[in-house]
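Chemist: To start, I am sharing the structure in question, which I have written as structure tokens.
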Amino acid sequence: MPVIKILPHSEYCPEGAQIEAPAGTSICEALLDHNIEIEHACEMSCACTTCHVIVREGYESLNEPDESEEDMLDRAWGLEPQSRLSCQAILANKDVTIEIPKYSINHAKEKH
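Just so you know, we're using the numbering used here here: the sequence shown kicks off at 176 and counts up by one.
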């Protein structure tokens, strides 16, 4: 079973974590299943960027992003070449390391 290493994030995972999830699971589902409450404002339907993560290791093992994910990622804050929407990034049989960006475009969270 692949391991997801989550780098420390002050709000969601202050000390970082390592979790296991079956291949075929999205990174977002795996995080939520392990009580790492990453934002997912569109309920994992690829309609927002709140679940944006940066894949620091293992990017090539994930499924290819489709056009709608790439279009949504263009709206994400802090976009990097290894950025993915965690609800669309499906695990294979290789470990990955992710970083949850510090800032989100989720206006409801920011109390705008």
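Where a beta carbon is used, it is the ideal one built from N, C-alpha and C, also for glycine.
Measuring straight from C-alpha to C-alpha, what distance separates L206 and E255?
Modeler: Position 31 of the sequence shown, counted from the first residue, corresponds to residue 206. Position 80 of the sequence shown, counted from the first residue, corresponds to residue 255. Their Cα atoms are separated by approximately 21 Å.
Chemist: To the nearest angstrom, how far is the alpha carbon of C226 from that of E214?
Modeler: For this step, residue 226 is matched to residue 51 along the sequence shown. For this step, residue 214 is matched to residue 39 along the sequence shown. About 5 Å.
Chemist: What does DSSP give as the partner residue(s) for E274 in the beta ladder?
Modeler: Reading the sequence shown from its first residue, position 99 is the one you call residue 274. In the DSSP output, where bridge partners are listed per residue, E274 has I229.
Chemist: How would you call H261, buried or exposed, if buried means at least 16 neighbouring beta carbons within 10 angstroms?
Modeler: As a working mapping, residue 261 is identified with position 86 in the sequence shown. The question names His, but residue 261 in the sequence shown is Ser. S261 should be labelled buried.
Chemist: By Cβ distance, which residues of its chain are closer than 6 Å to S172, with the 5 residues on each side in sequence left out?
Modeler: Since the first residue shown for the chain is 176 and the last is 287, residue 172 is missing from the structure and cannot be characterised.
Chemist: Can you tell me which of R259, S201, A251, P177 puts its alpha carbon nearest to the alpha carbon of I194?
Modeler: In the sequence shown, counting from the first residue as 1, residue 194 sits at position 19. For I194, the nearest C-alpha among the options comes from P177.
Chemist: The beta strand (DSSP E) with I194 in it runs from where to where?
Modeler: Looking up residue 194 in the sequence shown gives position 19. Start and end: 192–195.
Chemist: Assign A196 to one of two classes, buried (16 or more other C-beta atoms within 10 Å of its C-beta) or exposed (fewer than that).
Modeler: By 1-based counting over the sequence shown, the position of residue 196 is 21. Per the 10 Å Cβ criterion, buried.
Chemist: Whose C-beta lies closer than 6 Å to the C-beta of Q263 among residues of the same chain, with five residues either side of it excluded?
Modeler: On the sequence shown, residue 263 is found 88 positions in, with the first residue counted as 1. Closer than 6 Å at the Cβ level, and outside the excluded window around Q263, lie C221, E244.
Chemist: Let's test the definition: count the other Cβ atoms within 10 Å of the Cβ of R259 and tell me whether it reaches 16, buried, or not, exposed.
Modeler: Here residue 259 refers to the residue found at position 84 when the sequence shown is read from its first residue. The residue in question, R259, is buried, as its Cβ has 16 or more Cβ neighbours within 10 Å.
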